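191 is the number that the numbering used here gives to position 191 of the sequence shown; each next residue is one higher, with no gaps.
These notes concern the structure reproduced below.
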Amino acid sequence: QSPVVGVGREESAKGSRLTAGGQLCILAGQMTSTSPATRPNAPERPFGAVDLLTLVLEAIRPSLGFDLAVAVLCEDGRHVVPEYAAGTLTPPVVEGVHVQALAAFVELAGIDHATWPSEDPIVILLDGAPDRVIDEPESYEDAPLVVGGAVTGMLRISCAAPLTKDQRGRYFGMAADLSKAIESLDAQRTQTKLAQERLLQSEKMSSVGQLVSGVAHELNNPLTGIMGFAQLLLLRELDESLKKGGAKHS
């Protein structure tokens, strides 16, 4: 295969990172793509947009009737692409869905996103038939996620039948509400980050204060002795030879 251009991800004849450098694993009901070089030591995510999407999609899936959903989320200058499936996705399907979602998002949000890096695909199992294999969809229903007046994400679902007018209204209404919730999560994450930075700065200042105090204490010990001897010398009377020498110079 030739490299995929314009989605910030590269495939070659050696295979993608998912098939050549990683593996699919299922832990606690969640299937994720892991890379031996990065995933084992990766920090756990706090509750965020991916978790929020899981709850929302589980709740709305019965009324929309989709078996596969994929989102593109912008986090800290990179793309996070969770895939939600009510069945099993083979590695080629996971990669195909991932690449198509990134290409569609670049077309929606702007060419600047073509240079953004993306994480390995994350596949989350929804309630359904886990033994049923889901093929790569031929079409999707896309909904933008708008935060602060800018497109910062995209949600797409694949249904067996086209959405009715009522379903489309419910779907796009859910996307609008989801955008507001993600905006609140981003604001909370920013406030938490600022609080952590202030705490770190406070700890640094406290360490500097302790260091200065220790240096001052170490300097005070010899200075105290020197000042004491100087005061003793001032209190002693000068001997006769020093007095005579002083008188000659005067």
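All C-beta atoms in this analysis are idealised placements derived from N, C-alpha and C, irrespective of residue type, glycine included.
Here the structure is a predicted model, which means the values were calculated and not measured.
Following the DSSP letters along the chain, one finds residue 98 inside the alpha helix (DSSP H) bounded by residues 91-109. Spatial neighbours of residue 93 in its own chain (CB-CB distance under 6 Å, excluding positions within 5 residues in sequence) are listed in chain order as 136. At least 7 Å separates the beta-carbon of residue 134 from that of residue 59. Between the C-alpha atoms of residue 151 and residue 183 there is a straight-line separation of about 12 Å. The region 168-188 and the region 49-67 touch, with no fewer than 3 CB-CB distances between them shorter than 8 Å. Boundaries of the beta strand (DSSP E) around residue 158: 150-159. Taking every protein chain shown into account, the CB of residue 124 has 16 or more other CB atoms within 10 angstroms, so this residue is buried. For residue 117, there is no enclosing beta strand (DSSP E), as DSSP marks it with neither H nor E. Residue 68 is not a Cβ neighbour of residue 167, given a cutoff of 7 Å. Taken through DSSP and simplified to helix, strand or coil, residue 49 comes out as helix.
Cβ-Cβ separation between residue 155 and residue 71: approximately 5 Å, consistent with a contact (criterion under 8 Å). The C-beta distance from residue 185 to residue 49 rounds to 6 Å, short enough to meet the 8 Å contact threshold. The three-state reading of DSSP puts residue 141 in strand, counting E and B together. Within the same chain, Cβ atoms closer than 6 Å to the Cβ of residue 80 are found at 73, 119, the five residues on either side in sequence being excluded. The DSSP-derived three-state label of residue 194 is helix.
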